[in-house]
RNA sequence: GUGGCUAUAGCUCAGUAGGCAGAGCACCAGAUUGUGGAUCUGGGUGUCGCGGGUUCAAGUCCCGCUAGCCACCCCA
């Protein structure tokens, strides 16, 4: 027992152990396959970005205000670990000149994001996202396309029982008038709202609608719905998105309380939840249109729409329903030197590797123990090497399933193992 | 930021009215004159998370701290 506590992983992060890797590969591969099938190209952006980029994009969100991992300043740049991907992808779109190619750019990204919030099930400080972004396209067809893509991904990886919630939150033309209506509605009720909600009333009234606090619930149903107050353009967009989803056979629920708290979000917003769940911490993927984002970053005004899918959460569901992935042995062949034959065993392994994955058991334990261990690993063949064998460059090959053994020269191993 | 539960061997955990610290698994060795799977036998020195308190006596009761998990808020 060590005198001090051993060093553990940082709070809120976790390891993906070998046994879980196939599941992650499947989720990521499924994402990449579906994205490519829809004509999207992969992009990778840095996990560090300038704090300013991140802040411009989400000043009011917890993710930026309280949960940002800011790096110690080195030189003049103020950097942080990205809490989400869209800001960086939009930045890269302009910086990399993608805005000068054919429009729109269809992009996807898979990678880690970082938020310093309190860890719990399905929520980690480092988590992995599948992001899909259409930048430079304003048509409702793109909104429906990314929704369909998200749904296809979940379907592809076997997460079938999902619920899609959809809403439109208008744009700079119609939202201000709606927000005034909303404030007019809530002001007389202010004293009966939760303290946090009272603050939101003037600062970010849209957020009152997605409040999960019990005492706020009774007032929602009578609140004005933004979809009843869209301008003509937004209403047409909203109608076409729904028609496209209907035509695609995609089921959704109109949730008038589904919102985004940031100004640059416009029109379409959507979220995918697992069948039974209702809490927001269960969202598998969420996205929407962000026609104001490029401008917020200081680039030319450019429309965009996309979503972020949570790999960690999707994998959790895959693991529950998916049949256990057969643990493949790390190696097909194990070389068991019987005695002090490390050099010779390594050479034999090198020979075997030309045809099969091969490892060596260098431990100074009994041959029985080495056999036991080879058996547990599930190797198909064992190459036994005694000092006498080694001197003549011969070995004994044992087939672990049949128990058959043959003595042979090292040079014969590749043909016998192939 | 708030609350609940938990913390004992490498792992999973038991520990009964406070009275010498336990099991299973894993691992090693042997039975098998150096060849796996089954069986049997042997192999444990653990600051009982940390710090205080009560007591003749604390893994056990009380307080504080830390960590983990879960939930709230919020996010994927």
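Residue numbers (the working numbering): 1 to 418. Beta carbons are placed, not taken as given, at the ideal position from N, Cα and C, and that holds for glycine. Computed from a predicted model, the values in this text were never measured in an experiment.
Suppose you measure from the CA of residue i to the CA of residue j; what does that come to, to the nearest Å?
i, j, result
"residue 271", "residue 145", "14 Å"
"residue 229", "residue 308", "28 Å"
"residue 7", "residue 139", "52 Å"
"residue 333", "residue 403", "14 Å"
"residue 161", "residue 50", "39 Å"
"residue 72", "residue 192", "43 Å"
"residue 375", "residue 352", "18 Å"
"residue 13", "residue 184", "44 Å"
"residue 218", "residue 198", "15 Å"
"residue 360", "residue 47", "38 Å"
"residue 226", "residue 195", "24 Å"
"residue 377", "residue 329", "6 Å"
"residue 302", "residue 331", "52 Å"
"residue 116", "residue 77", "21 Å"
"residue 1", "residue 149", "Confidence at residue 1 is low in this model, with a pLDDT of 33, below 50, so the placement of that residue should be treated as unreliable; the coordinate-derived value is given next. The alpha-carbon atoms of residue 1 and residue 149 are separated by roughly 52 Å."
"residue 64", "residue 54", "7 Å"
"residue 154", "residue 32", "12 Å"
"residue 58", "residue 66", "11 Å"
"residue 372", "residue 36", "45 Å"
"residue 384", "residue 345", "9 Å"
"residue 304", "residue 212", "29 Å"
"residue 294", "residue 151", "26 Å"
"residue 356", "residue 22", "20 Å"
"residue 341", "residue 380", "22 Å"
"residue 92", "residue 20", "32 Å"
"residue 120", "residue 391", "59 Å"
"residue 24", "residue 9", "20 Å"
"residue 18", "residue 118", "26 Å"
"residue 362", "residue 114", "40 Å"
"residue 250", "residue 147", "9 Å"
"residue 343", "residue 394", "14 Å"
"residue 366", "residue 349", "20 Å"
"residue 216", "residue 236", "31 Å"
"residue 182", "residue 220", "10 Å"
"residue 267", "residue 231", "11 Å"
"residue 234", "residue 75", "46 Å"
"residue 358", "residue 382", "9 Å"
Going by CA-CA distance only, name the one from the options that's closest to residue i.
i, options, result
"residue 124", "78, 205, 313", "313"
"residue 82", "93, 112, 98, 72", "112"
"residue 258", "166, 153, 395, 85", "166"
"residue 315", "10, 11, 16, 220", "16"
"residue 317", "40, 110, 156", "156"
"residue 347", "335, 355, 339, 356", "335"
"residue 96", "44, 66, 207", "44"
"residue 413", "222, 397, 401", "397"
"residue 34", "57, 80, 130", "130"
"residue 354", "407, 394, 416, 363", "416"
"residue 127", "284, 295, 319", "284"
"residue 176", "296, 204, 159", "204"
"residue 254", "233, 269, 188", "269"
"residue 240", "306, 310, 143, 282", "143"
"residue 388", "405, 370, 409, 369", "409"
"residue 122", "394, 363, 367, 310", "310"
"residue 369", "133, 337, 246", "337"
"residue 132", "286, 367, 221", "286"
"residue 299", "90, 27, 79, 80", "90"
"residue 99", "358, 74, 134", "134"
"residue 275", "411, 158, 101", "158"
"residue 256", "222, 282, 248", "222"
Considering only DSSP beta bridges, list what residue i is partnered with.
i, result
"residue 254", "166"
"residue 381", "333, 399"
"residue 132", "108, 307"
"residue 407", "396"
"residue 113", "127"
"residue 359", "334"
"residue 82", "For residue 82, which the question treats as bridged, DSSP gives no partner whatsoever."
"residue 272", "164, 285"
"residue 45", "Paired residues: none, contrary to the question."
Are there any heavy atoms of the ligand GTP lying less than 7 Å away from the beta-carbon of residue i, as far as the coordinates show?
i, result
"residue 91", "No copy of the ligand GTP appears in this structure; indeed no ligand is present at all."
Which whole-angstrom value is the C-beta distance of residue i and residue j, which I expect to be below 8 Å?
i, j, result
"residue 163", "residue 69", "Contact doesn't hold; Cβ gap of about 32 Å is too wide."
"residue 141", "residue 244", "6 Å"
"residue 179", "residue 190", "No, residue 179 and residue 190 are not in contact; Cβ-Cβ is about 15 Å, not under 8 Å."
"residue 339", "residue 386", "7 Å"
"residue 208", "residue 186", "6 Å"
"residue 56", "residue 297", "6 Å"
At least three beta-carbon pairs within less than 8 Å, the region 250-263 to the region 163-172: yes
Touch test, the region 289-296 against the region 86-93, Cβ-Cβ under 8 Å, three pairs minimum: yes
Should the region 98-109 be regarded as contacting the region 35-44, the criterion being three or more beta carbon pairs within less than 8 Å? yes
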